[in-house]
Amino acid sequence: MSKNVSLVLGSGGARGMAHVGVIRWLEEHDYVIQSISGCSMGSLIGGFYAAGKLDAFTDWICNISTFDMVKLLDFKGSGGLVSGETLMKKLNELLGEHKIEDLSIKYTAIAADVKGEKEIWINHGSLSDAIRASISLPLFFTPYELNGRMLIDGGVLNPVPIAPTFHDKTDLTIAVNLGGTVDPHYSDTDNNVTYSVSAKLIAYFQSISIADRLIGNNSIYKVADQSFDAMQGTIARMKLSAYPPDIEIEIPRNLCGTLEFNRVEEMIEYGYKKCQEILG
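Under the working numbering, think of the first position of the sequence shown as 302, with each following residue one higher.
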């Protein structure tokens, strides 16, 4: 017998590819996803799924080379290293034009209005705009202006956005928390981010004399990434304690680095197996 599900997909960069594995397991076992609330990478994966384009996105990201990935990072941002324009152009080619209100699945993306100091629920209008606003990782992506607000990654305020599902008439609320407790079985792969960037990108950093500050052992990236993960993990625990879902799927926050997109297939498999472990 099928079960109708409200799915909450948390933020966490490349760890978010575990969401794909969770979705695959649910579909294979007769769960019907009727509602998605997503933040950052969760909003991206959830948006592509709601639009019926998740397979296209997954095929693309599983097969893209590091060099081609780097070419999508246009280092001309304001308020962030990357403007996001080139990346979103490619994502829009895969996604197509969609209005959130026309999707067959209820969808909400979470972003953060820094000046207004509040989270923003985006549940109507352009799906592409909603995703772009929600994935605006501080320091990395340029904040995104939408409806007169400058928006950044929703994980700043609500990394596991359960509240948009409160009034859903579904059988289960399943939350995927990418900021789970550190697992000592996994090493700290974020000591150096050269695993996920090409020699061309490193050379670019070196040419403007910021290589050590961005990708060294005590780099801006490492400090910011670890700080952001710690912050999100703390907020997630508070949110989940106050508003527990029916089922929580917890992904260790040290499983994979935020930008470690060379481990996409591993993350998908982990999400699938974790879902099997909890729901099987």
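Glycine residues also receive a C-beta, built at the ideal position from the N, C-alpha and C atoms. This one's a predicted model, so the numbers in the text were calculated from it and none came from an experiment.
What span of residues does the alpha helix (DSSP H) with residue 571 cover, start to end?
Run containing residue 571: 565 to 580, per the alpha helix (DSSP H) assignment.
Where does residue 450 fall in DSSP's three states?
In this structure, residue 450 counts as strand in the three-state DSSP scheme.
How big is the Cα-Cα spacing for residue 445 and residue 579?
So the alpha carbons of these two residues sit roughly 37 Å apart.
The beta strand (DSSP E) with residue 340 in it runs from where to where?
Run containing residue 340: 332 to 340, per the beta strand (DSSP E) assignment.
On the CB-based measure, 16 or more other CB atoms within 10 Å of its CB, does residue 430 come out buried or exposed?
Flag for residue 430 reads buried.
Determine, using beta-carbon pairs with one atom in the segment 477 to 484 and one in the segment 357 to 376, whether at least three such pairs fall under 8 Å.
Flag = no, the segment 477 to 484 and the segment 357 to 376 do not touch.
What are the partner residues of residue 535, as DSSP defines its beta bridges?
Residue 535 is not bridged to any residue.
If we require 3 or more residues per run, which beta strand (DSSP E) segments fall completely within the segment 357 to 417?
The qualifying runs are 381 to 383 and 407 to 414.
Give the secondary structure of residue 513 by DSSP, where H, G and I count as helix, E and B as strand, and everything else as coil.
The predicted position of residue 513 is uncertain, since its pLDDT is 49 and thus under 50; a value taken from the coordinates is nonetheless stated next. Helix at residue 513.
In this structure, does DSSP put residue 431 in helix, strand or coil?
Helix, per DSSP.
Pick from 392, 383 and 425: whose alpha carbon is nearest that of residue 403?
Closest by alpha carbon: 425.
Have a look at residue 455 and residue 331 and give me their C-alpha separation to the nearest angstrom.
Between residue 455 and residue 331, the C-alpha separation is close to 30 Å.
Within 8 Å, do at least three Cβ pairs link the segment 378 to 389 to the segment 318 to 326?
As far as the Cβ criterion goes, the segment 318 to 326 does not touch the segment 378 to 389, which means the pair count is below three.
Kindly confirm or deny that the segment 432 to 451 and the segment 405 to 424 touch, where touching means at least three C-beta pairs closer than 8 Å.
Touching, yes.
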